[in-house]
Amino acid sequence: MTLLLAKERTILSIMDCGLIEDAAGLRRELLRWGWFVLPIQRCRAVTVISEATRRQVLRFVKVDPAKVRVIPVCTAPRFQPAPLRPNRGLPRLLQIGTTPNKNLQRLIEAVAGLPCELEIVGQLRPEQLSLLAAHRVVFRNFVNLDDDEMVERYRQCDIVVFPSTYEGFGMPIAEANAVGRPVLTSNVSSMPEVAGGAACLVDPFDVRDIRRGVLRLLRDESYRRALVEAGYENSKRFSPERIAGAFLSLYEELLQDA
């Protein structure tokens, strides 16, 4: 579509580069040219949702770095602070996503034997169900949630766990921050950038490190509260007003230079 638009009036927004990262050989080159190189050549500016994605774009495409701007994703207004009422039974750990990059397999192995309930949003594959059974993990599964139901899952959980191996951004981090839930996430890709110091960072490729982080969040109430307070502050970076203002500033800049 970008190729059909007037270059001087076109801004291209890129969410992530996973399409290229997951490809190889000729397919990778075709995707790189068709989805990145040519569209970037045919637009006035490029916006990306994280500095991590910006670095990837600059690695894959020879382009003036000044042309590629970071404007994060905003959190929806429905994600509002909610009082944390610890569950009287097993603490609830909310995991969003079941695709391979969401790293559910290592998370299951990490929480095996811990006194917690894993709430998983997303369709579980047979091998994931088998792993949950093999490790005797207490869990509940939610699929096809609407927006209000998704917010309710955040409100009802004690901790959000998001040990993803790759993201363009990492919306569950920002959404958990906005609702007021402590977060465990990865120390790779865009996650540390989005967390902004308001999450427990772990190595997503190390089951023991994921387990260490989960245990700390389960056992250390003062640490959880500190992360919640830091999360409220961090979530201000992703308010709709702030992100809309960033886009407006970019539009005005480009119009002035036209």
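The sequence shown begins at 5 in the numbering used here and counts up one residue at a time.
Just so you know, even glycine gets a beta-carbon here, dropped at the ideal spot from N, CA and C.
Keep in mind the model is a prediction, meaning the values are calculated, not measured.
Whether residue i touches residue j by CB criterion (8 angstroms)
i    : j    : result
L98  : Y170 : no
A182 : A234 : no
A137 : V218 : no
P43  : L23  : no
S253 : F173 : no
P208 : V192 : yes
C161 : V187 : no
V52  : V74  : yes
R241 : P81  : no
R216 : V206 : yes
Integer Cβ distance of residue i from residue j, believed to fall under 8 angstroms
i    : j    : result
L111 : I177 : In fact, because the Cβ distance is near 15 angstroms, the residues do not count as touching under 8 angstroms.
C78  : S243 : 6 angstroms
V155 : F83  : 6 angstroms
P85  : G184 : 5 angstroms
P167 : N107 : 5 angstroms
E121 : L94  : 4 angstroms
DSSP bridge partner residues for residue i (one or two, in chain order)
i    : result
F166 : T189
R144 : E123
S17  : T51
Practice problem: Please determine if the stretch 112-129 and the stretch 53-68 are in contact, where contact requires at least 3 C-beta pairs separated by less than 8 angstroms. | Solution: no
Quiz prompt | Uninterrupted alpha helix (DSSP H) stretches inside the stretch 64-130 (no shorter than 4 residues) | solution = 108-115
Quiz item: Unbroken alpha helix (DSSP H) runs of length 4 or more, entirely within the stretch 22-47: which are they?
Solution: 22-25, 29-35 and 42-45
Practice problem: Return the chain-ordered ranges of every beta strand (DSSP E) run that is complete within the stretch 203-243 and spans a minimum of 3 residues. | Solution: 204-206
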